[in-house]
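**Q**
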Amino acid sequence: MPKQTFPSYSNLCGWNAMLPPRTPRPPLQKDLVVDHAIVGAGYTGLAVARRLHEIDPQARIAVFEASTIGEGSSARNSGFTGAEVLPRTATLASADKARRQSALMRASFDWLKDIIVDNGIECDLQQVGSIRGAATEAGEASLRNVVEVAKANGIRHTELSRADIAERIGSEYYRFGVHLDDTYLLQPAALIRGLADALPKDIGLYENTPVESLTRSGSGWELRTPGGVVRARNVALANNGFIRRFGYLKLRMTTIFTYAAVTRAVSETDLAHLGQSPAWGLLPSHRLGTTLRRIGRDRLMVRSLYAHESEVPNDEAFTKLRDRFTRRWPGLKHVEFEYVWGGTTAFTMNGAPWWGRLEDGLFASGGCNGSGIAKGTMLGRHLGELMLGKGDPAKITDVMGTASLIAPEPFRSIGFHIVSSIESRKAGLES
Ligand SMILES: Cc1cc2nc3c(=O)[nH]c(=O)nc-3n(C[C@H](O)[C@H](O)[C@H](O)COP(=O)(O)OP(=O)(O)OC[C@H]3O[C@@H](n4cnc5c(N)ncnc54)[C@H](O)[C@@H]3O)c2cc1C
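Residue 394 in UniProt numbering sits at position 394 of the sequence shown, and the numbers go up by one each step.
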């Protein structure tokens, strides 16, 4: 049986379920000829399409999405974003690289904010900052390095004690933290739905249309979908870890599933447990750590767990997320989860994305390593320029780096399991 070329999930996306229902655009049901075909309607793919249209409004552009908008990873994430690059493992030696990446990200992040404002996209975009939190001594040591880089790069921040964090989030779990003022929080399903709806009307968007194969055809490319064949001069693979399913970048990235849960609305008497900040988000100091958010007035979100290439059983995801939640808020043990879901993200060995031209007329961008709202937008925008022979591609790879080689299977899976069990032990209470 041929390998499925797109992701499928056992649970619906909670962020999408919290919004009013949306009618998807119809799938492709005929053959089509276009100048530019884009595989995947996440942040990367929609940025490619919009940028192509901005530069060449006459171009025939079509985007193909295997699922529906609001059910892909662009909606399944935790909704932390911003232009400021400050990696969890940042040290002073890497401060200059982070500064150059931030400068590159800023123009595209401003472009994204303008699209949101100009189109009235209601995605709860708020610049409330984020907390990096450490629950262990090792986590605190690594966060103190982050503080040094924040100082060196002029990133606005405040150090937080256990009491400061407890006051803000209602949990005494964290011993040290740093508040980074420039982070934005948003409703990711609302954003990706808004971006899709705000695409210029000349751009074709076909939902429930998985691209099943990609072959060279004359001087262009042929894409097969269940409802029709597409011929295109240029193709952009914007389907993240699933780029590999077309035979490309197999040794550059891997797909990791991670999980999130959102509670039911808590009662008025329980509201005090959610802290005094009306909106907050907390990112972990360890790579296997747990992300937390307050959602609206009365819900909490927990994101944690990693699985390599395939989903973990639902009851395992539920039990582990529950454990993370009750350790942080023992006083909310009785509050149930309303939504639990998984999502994919593409990881690369050195943390750098893969971006550029694969062959004549074939381009790709993937491997945002868990920060694809801003990075996917930036890389997609520049990929659109590259497809039209514009921009300076060397600048992107020079500043962002390029995904290094990764071990082939079965060594990759074995390596993942060894590293994740060592790291889980190291993460301890950060998980
Ligand atoms: C639980 C979770 C939390 C996260 N938290 C954050 C966060 O707080 N901030 C942040 O910036 N990032 C976060 N991320 C990562 C972020 O979601 C990704 O980096 C981002 O979605 C990447 O965008 P993309 O457009 O490159 O890929 P995707 O969002 O994966 O979009 C690719 C699209 O391609 C479609 N597709 C795949 N194959 C095919 C095919 N063959 N034919 C047609 N369509 C296809 C998919 O259905 C998908 O919709 C998180 C991810 C997860 C899972």
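Note that the Cβ used here is the ideal one computed from N, Cα and C, for glycine as well.
Please determine, among Gln-276, Trp-111, Val-39 and Gly-79, the residue with the shortest C-alpha to C-alpha distance to Gly-343.
**A** The count along the sequence shown starts at 1 and reaches residue 343 at position 343. Closest option to Gly-343, Cα to Cα, is Gly-79.
**Q** I'd like to check one pair, Leu-429 with Ala-135: are the Cβ atoms closer than 8 Å?
**A** In the sequence shown, the residue the question calls residue 135 occupies position 135. In the sequence shown, the residue the question calls residue 429 occupies position 429. Yes, these two residues count as a Cβ contact at 8 Å.
**Q** Which residues bound the alpha helix (DSSP H) around Arg-144?
**A** If you number the sequence shown from 1, residue 144 lands on position 144. Unbroken alpha helix (DSSP H) run through Arg-144: 137 to 152.
**Q** In whole angstroms, what separates the C-alpha of Ala-98 from that of Pro-87?
**A** Locating residue 98 in the sequence shown gives position 98, where the first residue counts as 1. Locating residue 87 in the sequence shown gives position 87, where the first residue counts as 1. Taking the straight line joining both Cα atoms gives about 8 Å.
**Q** For the region 259 to 343, list the beta strand (DSSP E) runs that are entirely contained and at least 3 residues long, ordered along the chain.
**A** If we require 3 residues or more, the beta strand (DSSP E) runs fully inside the region 259 to 343 come out as 281 to 284, 291 to 295 and 299 to 308.
**Q** Do Gly-366 and ligand 2 come close, with the Cβ less than 7 Å from some heavy atom?
**A** By its list of ligands, the structure shown excludes ligand 2, since it contains just ligand 1.
**Q** According to DSSP, which residues form a beta bridge with Trp-354?
**A** Residue numbering aside, residue 354 sits at position 354 when the sequence shown is read from its first letter. Per DSSP, Gly-366.
**Q** Using only CA atoms, which one of Gly-356, Leu-185 and Tyr-259 lies nearest to Trp-280?
**A** Position 280 of the sequence shown, counting from 1, holds the residue named residue 280. Closest by alpha carbon: Leu-185.
**Q** In the DSSP output, which residue or residues are listed as bridge partners for Phe-64?
**A** Counting from one through the sequence shown, the residue named residue 64 turns up at place 64. DSSP lists Val-39 and Tyr-206 as partners of Phe-64.
**Q** Taking the alpha-carbon positions, what's the Ser-310 to Ile-256 distance?
**A** As a position in the sequence shown, residue 310 is number 310, starting the count at 1. As a position in the sequence shown, residue 256 is number 256, starting the count at 1. Approximately 8 Å between the Cα atoms of the pair.
**Q** Would Arg-324 and Thr-290 qualify as a contact pair, given that the criterion is a beta-carbon distance under 8 Å?
**A** Residue mapping note: residue 324 aligns to position 324 of the sequence shown, counting from 1. Residue mapping note: residue 290 aligns to position 290 of the sequence shown, counting from 1. Against a cut-off of 8 Å, the Cβ pair of Thr-290 and Arg-324 comes out as a contact.
**Q** Using a Cβ-based criterion (distance less than 7 Å to any ligand heavy atom), does Ser-102 qualify as near ligand 1?
**A** What you label residue 102 is simply residue 102 of the sequence shown in a count that begins at 1. Result no, Cβ not under 7 Å from ligand 1.
**Q** Indicate, with yes or no, if ligand 1 has a heavy atom lying under 7 Å from the CB of Ser-74.
**A** For the purposes of this step, residue 74 is identified with residue 74 of the sequence shown, where counting begins at 1. Result yes, Cβ under 7 Å from ligand 1.
**Q** Express the C-alpha separation of Ser-102 and Tyr-9 in angstroms, rounding to a whole number.
**A** If you number the sequence shown from 1, residue 9 lands on position 9. If you number the sequence shown from 1, residue 102 lands on position 102. C-alpha separation (whole angstroms): 33 Å.
**Q** Tell me, please, whether the region 174 to 185 touches the region 40 to 60 by the rule of three or more beta-carbon pairs shorter than 8 Å.
**A** The region 174 to 185 is not in contact with the region 40 to 60.
**Q** With residue 476 as the anchor, note down where its alpha helix (DSSP H) starts and where it stops.
**A** Since the first residue shown for the chain is 1 and the last is 431, residue 476 is missing from the structure and cannot be characterised.
**Q** Would you say the beta carbon of Gly-194 is closer than 7 Å to some non-hydrogen atom of ligand 1?
**A** Numbered from 1 along the sequence shown, position 194 holds the residue referred to as residue 194. No; taking the cut-off as 7 Å, the Cβ of Gly-194 has no heavy atom of ligand 1 nearer than that.
**Q** Say yes only if the C-beta of Val-85 is nearer than 7 Å to one or more non-hydrogen atoms of ligand 1, and no if none qualify.
**A** Taking the sequence shown and counting its residues from 1, one reaches residue 85 at position 85. No, Cβ of Val-85 sits at least 7 Å from all heavy atoms of ligand 1.
**Q** Exposed or buried, which one is Glu-65 when buried takes at least 16 other CB atoms within 10 Å?
**A** Position 65 of the sequence shown holds residue 65. Glu-65 should be labelled buried.
**Q** Quick one: what does DSSP say Ser-217 is sitting in, helix, strand or coil?
**A** The residue given as residue 217 occupies position 217 in the sequence shown. Ser-217: strand per DSSP, three-state reduction.
**Q** Please classify Val-419: is it buried, with 16 or more other beta-carbons within 10 angstroms of its beta-carbon, or exposed?
**A** As a working mapping, residue 419 is identified with position 419 in the sequence shown. Counting Cβ neighbours within 10 Å, Val-419 comes out exposed, since fewer than 16 surround it.
**Q** May I ask which residues mark the beginning and end of the beta strand (DSSP E) holding residue 439?
**A** As displayed, the chain neither begins before 1 nor continues past 431, which places residue 439 out of reach and without an answer.
**Q** Specify the secondary structure class of Arg-224 as computed by DSSP and reduced to three states.
**A** The residue labelled residue 224 in the question sits at position 224 within the sequence shown. Three-state DSSP puts Arg-224 in a strand.
**Q** Taking the Cβ atom as the reference point for each residue, do Leu-405 and Arg-252 lie within a distance shorter than 8 Å?
**A** Mapped onto the sequence shown, residue 405 falls at position 405. Mapped onto the sequence shown, residue 252 falls at position 252. Result yes, Cβ atoms of Leu-405 and Arg-252 sit closer than 8 Å.
**Q** Does ligand 1 have a heavy atom nearer than 7 Å to the CB of Arg-22?
**A** Taking the sequence shown and counting its residues from 1, one reaches residue 22 at position 22. Checking every heavy atom of ligand 1 against the Cβ of Arg-22, none is found closer than 7 Å.
**Q** Could you check how far apart the C-beta atoms of Arg-231 and Gly-247 are, in whole angstroms? I think they sit under 8 Å.
**A** Against the sequence shown, residue 231 aligns to sequence position 231. Against the sequence shown, residue 247 aligns to sequence position 247. Not confirmed; about 19 Å, so no contact.
**Q** Mind pulling the alpha helix (DSSP H) runs of 4 or more residues that sit fully within the region 366 to 402?
**A** Within the region 366 to 402, the complete alpha helix (DSSP H) runs of at least 4 residues are 372 to 387 and 393 to 400.
**Q** Assuming contact is defined by CB atoms lying nearer than 8 Å, are Arg-264 and Val-335 in contact in what I supplied?
**A** Counting from 1 along the sequence shown, the entry for residue 264 is found at position 264. Counting from 1 along the sequence shown, the entry for residue 335 is found at position 335. Contact flag set, yes.
**Q** In the DSSP assignment, the beta strand (DSSP E) including Ile-131 goes from what residue to what residue?
**A** Taking the sequence shown and counting its residues from 1, one reaches residue 131 at position 131. Taken as a continuous stretch (DSSP letters only), the beta strand (DSSP E) holding Ile-131 covers 130 to 134.
**Q** Take residue 503 and list the residues in its own chain whose beta-carbon comes closer than 6 Å to its own, dropping the five residues that flank it on each side.
**A** Because the chain is modelled from 1 through 431, residue 503 falls outside the range shown and cannot be assessed.
**Q** Are the beta-carbon atoms of Leu-195 and Ile-295 separated by less than 8 Å?
**A** In the sequence shown, residue 195 corresponds to position 195, counting from 1. In the sequence shown, residue 295 corresponds to position 295, counting from 1. No, Cβ-Cβ distance for Leu-195 and Ile-295 is not below 8 Å.
**Q** Would Asp-164 pass as a contact of Gly-129 if the rule is Cβ separation under 8 Å?
**A** Within the sequence shown, numbered from 1, the residue matching residue 164 stands at position 164. Within the sequence shown, numbered from 1, the residue matching residue 129 stands at position 129. No; because the gap between Cβ atoms is not below 8 Å, this pair is not in contact.
**Q** Which residue's Cα is closest to the Cα of Asn-16: Val-48, Ser-73, Arg-51 and Leu-28?
**A** Counting from 1 along the sequence shown, the entry for residue 16 is found at position 16. Measuring from the Cα of Asn-16, the nearest candidate turns out to be Ser-73.
**Q** I'd like to know whether the C-beta atoms of Gly-367 and Trp-354 end up nearer to each other than 8 Å.
**A** As a working mapping, residue 367 is identified with position 367 in the sequence shown. As a working mapping, residue 354 is identified with position 354 in the sequence shown. It is a contact, given that the beta carbons lie within the stated cut-off.
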